[in-house]
Amino acid sequence: MNFERFSDEELCEKAKEGDGKAENYLLNKYKNLVRGKAKTLYLLGGDREDLIQEGMIGLFMAVRDFDKTKNASFSTFANLVCERRMYNAIKAGQAGKNIPLNTYISLYAGQTDGENSDDIKLINNLRANSHLEPEGFVVDKENTVFLLEKLSEVLSKLEEEVLDLYLSGKDYKEIAEMLERSPKSIDNALGRIKTKFKTVIDSEK
């Protein structure tokens, strides 16, 4: 069956009716969303593989729980459920550790701002209060641009190139080949980026 002709909402209904192929199609369609969020949260200290697993569980839950009479779209609902599941995994993993939880940043490269439709490459969600649920995330372009500028001040040219490629979906091997560096040097660069990112966040509290 050609599932491309069905909307996500229709595929959800089919999945709930026991159509395993429809369910698998949806899970595969949205797995890159999960991987993208895992890469984002990895920069702030999460374990990438664990986050992908949690995100896929969240995606499965979204398919199971989506109600077209209550939710605007499956895409919006899936995004929210996956993000909540992954954020809770980060929070649980950091319990008892001396790691600040009152700032949550999501990095998305090449997002489009709904107001002017300009292609932007900046931090798109800023969560400044730990008591807020994901529904409380707000977009604050002034603060995100400022934070991105502060980050760029402390990144080396190599680190900026690595970050741009990493957020665009490239893996370690691809980045290493493109920049003619060893995978180990790319891994080290990402480690430095994580450290500098946290330092910038802490300095702006």
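Reading the sequence shown from the start, the letters are residues 1 to 205 in full-length UniProt numbering.
Cβ atoms here follow ideal geometry from the backbone N, Cα and C, with glycine treated the same way.
A quick note: this is a predicted structure, and the numbers were derived from the prediction, not measured.
The DSSP assignment places no complete alpha helix (DSSP H) segment of no fewer than 4 residues inside the UniProt domain "RNA polymerase sigma-70" (50 to 63). Excluding its 5 nearest sequence neighbours in each direction, residue 183 has C-beta neighbours in its own chain below 7 Å: 172, 173 and 176, listed in chain order. For residue 74, the closest of 7, 54, 53 and 38 by C-alpha to C-alpha distance is 7. If the five residues before and after residue 163 are omitted, its C-beta is found closer than 6 Å to the C-beta atoms of 193, all from its own chain and listed in chain order. Secondary structure at residue 17: coil, using DSSP grouped into helix, strand and coil.
Distances from the alpha-carbon of residue 185 to those of 14, 201 and 158 put 158 closest.
In chain order, 27, 31 and 34 place their CB closer than 8 Å to the CB of residue 56, counting only its own chain and leaving out the 5 sequence neighbours on each side. Around the CB of residue 92, fewer than 16 other CB atoms lie within 10 Å, so the residue is classed as exposed. Cβ-Cβ distances below 7 Å link residue 41 to 51, 86 and 90 in the same chain, with the five nearest sequence neighbours on each side left out; the list follows chain order. Under the DSSP assignment, residue 185 falls in the alpha helix (DSSP H) whose first and last residues are 183 to 203. Under the DSSP assignment, residue 179 falls in the alpha helix (DSSP H) whose first and last residues are 172 to 179. With contacts defined by Cβ atoms closer than 9 Å, residue 70 and residue 12 do not form a contacting pair. Cα atoms of residue 38 and residue 200: separation of roughly 21 Å, rounded to the nearest angstrom.
Under a 10 Å Cβ-count criterion, residue 58 is classified as buried, with 16 or more other Cβ atoms of the shown protein chains found around its own Cβ.
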